[in-house]
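Visitor:
Protein chains in written order, with this note's numbering: chain A, 45 to 262; chain B, 50 to 451.
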């Protein structure tokens, strides 16, 4: 039995599509219900539906063998996992954003206050990459508000189209990381269930390659 | 005040009779195994000066339980077994001629901030073989690691063996900077093929190098893997690493333990700690390795003695979890027999003698202290699931029982 942790929503749908294209019967995973564990004895697949931020935890502890989760969550949670495939979809960027007037002047502000839903990514970026101490203000949503009303100078958040930023007079100042959906595998499962997991990963990689080729052509 | 009085702190647990008894037995069996292989047990203190761990940068500051002594010096609770043994080998045991074979079974304390749910106090058993830098020593330690897991009753065991020097040789050959080496090794250790490819592109590595990186991440096996790499790798360091692994496999074959092991050259954690062979052990139903170790030739030099070293540690609590989840916990009997006695001259003395005789046969025996009658004693034994009841009342019966 292989247990796959998914986060409900678009990401899960796409992951199931890929698995199906790779030749796996994912009927169980598509079942419309409030059940959190969807199991199919026949196919030996079990899907668990978890909050995105919890997917790496389920996989690290071996409660799930495989997980599909955004790179943003992986960076924020910092779990000890195999991160084996970039599924390519859900692509966006983790960015430092603020008023456009701060462009190229970010380093000149001392003791910055940074609003974010991602305190760990923010800390790693400013302290690790930029060698700078900042004050991190943890927020839970509408992060764009923080620089507008003076709670923080800048924010670190996910940027897809950039529309929300533009509408609020903000701009991307620096790119922290590229984000997309990833397949992660528990370190023990990879060894103990190698004969099931490795072929599944190979088949998924093949599908991703096909999708990427289609994208290029299209 | 007092709101926490019913609770144990995060990450520490009470272990109840059944698990405590199994745990103690595991530890005893493992101690005997170590000792039967010539490894002498040492006890190091539960607290060390923080400097013991910090001077070699062995442990992240935030992962240690720290406090101050009365002079303001920082004390750290024992984080692992290896570093204290390394300190010991370079100080109190500095005149002991190598090779030294030492072992420990102790509680470790780790204050991991991230994660949660992981134990912060847990028991580890381990050995260190000091002063021998060859494949014979590497293989002895791996073999003892496998045997110690098998001793616990776990039969599904998979050991992955890697070699840090193999990767180091490639890094030298390709002329990669320390920073890029760190990034590349992390990507390989996470089997993050996309990132490996990106790094390889950025560094302008050759197609041959890229193929090797791909093989490192994907090829597991035994001799076949070594053959495949030997055909492709030219630098001395990497070839010596492969030769070391080949010898280790040869020796493990003679131990008749080859069926448990597989080579995984992509295991690249703790590069600044390990200097050669590394290995990890896995079983079903626990998401973490139950066994880990390797060669760490530079650790003891932190304490001023040049001494090569190889060792492993075994997570006793993880093994308990695995045994429980694999339905392999042995049945636990609190009490096998109860001995009661009637009022009267010499009856109690006879009961004690009876209990003693029964205990000598290996049974767990209690003598009734509630002063129950024979009927009450039967009922009590029934209720508590005690198999044998002995009631001492008459001279003749007493003799029958003893």
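Glycine is no exception: its CB is placed at the ideal position from the N, C-alpha and C atoms.
As the structure is a prediction and not an experimental result, all values here were calculated from the model.
#1: CB-CB under 8 Å to residue 248 of chain B, same chain, minus the five flanking residues each way: which ones, in chain order?
#2: Taking C-beta pairs closer than 8 Å, name the residues in chain B that residue 125 of chain A reaches, listed in chain order.
#3: When DSSP builds the beta bridges, which residues end up paired with residue 344 of chain B?
#4: May I ask you to report which of helix, strand or coil DSSP gives residue 405 of chain B?
#5: When the cut-off is 8 Å and only beta carbons count, does residue 243 of chain B lie next to chain A?
#6: How is residue 124 of chain A classed by DSSP in three states: helix, strand or coil?
#7: I'd like to know whether the C-beta of residue 45 of chain A is nearer than 8 Å to at least one C-beta of chain B.
#8: Look up residue 157 of chain A in the DSSP assignment and give the residues it is bridged to.
#9: Note the first and the last residue of the continuous alpha helix (DSSP H) segment covering residue 53 of chain B.
#10: If we count the other Cβ atoms within 10 Å of its Cβ and call it buried at 16 or more, is residue 212 of chain B buried or exposed?
#11: Consider the Cβ of residue 453 of chain B: report whether some Cβ of chain A lies at a distance smaller than 8 Å.
#12: Which residue from B/199, B/441, B/367 and B/178 puts its Cα closest to that of residue 344 of chain B?
#13: Going along chain A in order, which residues have a C-beta closer than 8 Å to the C-beta of residue 209 of chain B?
#14: Would you list, in chain order, the members of the region 87 to 106 of chain A that have their beta-carbon closer than 7 Å to a beta-carbon of chain B?
#15: Would a C-beta distance cut-off of 8 Å place residue 363 of chain B and residue 202 of chain B closer than the cut-off?
#16: Using a cut-off of 7 Å between C-beta atoms, extract the partners of residue 331 of chain B located in chain A.
#17: Residue 219 of chain A CB to nearest chain B CB: under 8 Å?
#18: Closest by CA to residue 126 of chain A, which one among A/106, A/140, A/171 and A/170?
#19: Run through chain B and tell me which residues come within less than 9 Å of residue 130 of chain A, C-beta to C-beta.
#20: Please state if the CB of residue 331 of chain B and the CB of residue 237 of chain A are separated by a distance shorter than 8 Å.
#21: Given that residue 338 of chain B touches chain A, what residues does it touch there, using C-beta distances under 8 Å?
#22: Report the rounded CA-to-CA distance for residue 215 of chain A versus residue 188 of chain A, giving the unit in angstroms.
#23: Could you pull the start and end residues of the alpha helix (DSSP H) that residue 387 of chain B belongs to?
#24: Give the secondary structure of residue 143 of chain A by DSSP, where H, G and I count as helix, E and B as strand, and everything else as coil.
#25: So the beta strand (DSSP E) residue 225 of chain A belongs to, where does it begin and stop?
#26: In terms of alpha-carbon separation, which member of B/417, B/407 and B/306 lies closest to residue 396 of chain B?
#27: To the nearest angstrom, how far is the alpha carbon of residue 450 of chain B from that of residue 403 of chain B?
#28: Could you tell me whether the region 171 to 189 of chain B touches the region 291 to 309 of chain B, using the rule of 3 or more Cβ pairs below 8 Å?
#29: In the DSSP assignment, what are the bridge partners of residue 322 of chain B?
#30: Please give me, in chain order, every unbroken run of the alpha helix (DSSP H) with length at least 4 that falls completely inside the region 99 to 126 of chain B.
#31: What are the partner residues of residue 129 of chain A, as DSSP defines its beta bridges?
#32: For residue 57 of chain B, collect the residues of the same chain with a Cβ closer than 8 Å to its Cβ; drop the 5 residues on either side in sequence, then sort them by chain order.
#33: Nearest to residue 177 of chain A by CA position, among A/256, A/250, A/168 and A/81, is which residue?
#34: Hey, out of B/257, B/380, B/274 and B/301, whose CA is closest to residue 283 of chain B's CA?
#35: Please state the DSSP three-state secondary structure of residue 283 of chain A.
#36: Quick check: what's the CA-CA separation for residue 308 of chain B versus residue 253 of chain A?
Guide: According to the data block:
#1: So the qualifying residues of the chain are 229, 232, 233 and 236.
#2: Correct list: 239.
#3: B/359
#4: If DSSP states are grouped into helix, strand and coil, residue 405 of chain B belongs with the helices.
#5: yes
#6: coil
#7: no
#8: A/179
#9: It is not in any alpha helix (DSSP H) - residue 53 of chain B carries neither H nor E in the DSSP assignment.
#10: Answer is buried; the Cβ neighbour count reaches 16.
#11: There is simply no residue 453 of chain B to check, as chain B begins at 50 and stops at 451 in what is shown.
#12: B/178
#13: 235
#14: 104, 105 and 106
#15: no
#16: Neighbours of residue 331 of chain B on chain A, chain order: 232, 235 and 236.
#17: no
#18: A/106
#19: 241, 242, 243 and 244
#20: For residue 237 of chain A and residue 331 of chain B, no; Cβs fall outside 8 Å.
#21: 231 and 232
#22: 10 Å
#23: Note, residue 387 of chain B: premise wrong, no alpha helix (DSSP H); beta strand (DSSP E) at 386 to 390.
#24: strand
#25: 225 to 229
#26: B/417
#27: Because the pLDDT of residue 450 of chain B is 48, which lies under 50, any placement of that residue in the model is unreliable, and the number read from its coordinates should be weighed accordingly. In a straight line, the C-alpha of residue 450 of chain B is about 7 Å away from that of residue 403 of chain B.
#28: yes
#29: According to DSSP, which records beta bridges pairwise, residue 322 of chain B is partnered with nothing at all.
#30: 99 to 103
#31: Note: residue 129 of chain A sits in a beta bridge opposite A/227.
#32: 63
#33: A/168
#34: Among B/257, B/380, B/274 and B/301, the Cα nearest to that of residue 283 of chain B is on B/257.
#35: In the structure as shown, chain A begins at 45 and stops at 262. Residue 283 of chain A is therefore absent and cannot be evaluated.
#36: 36 Å
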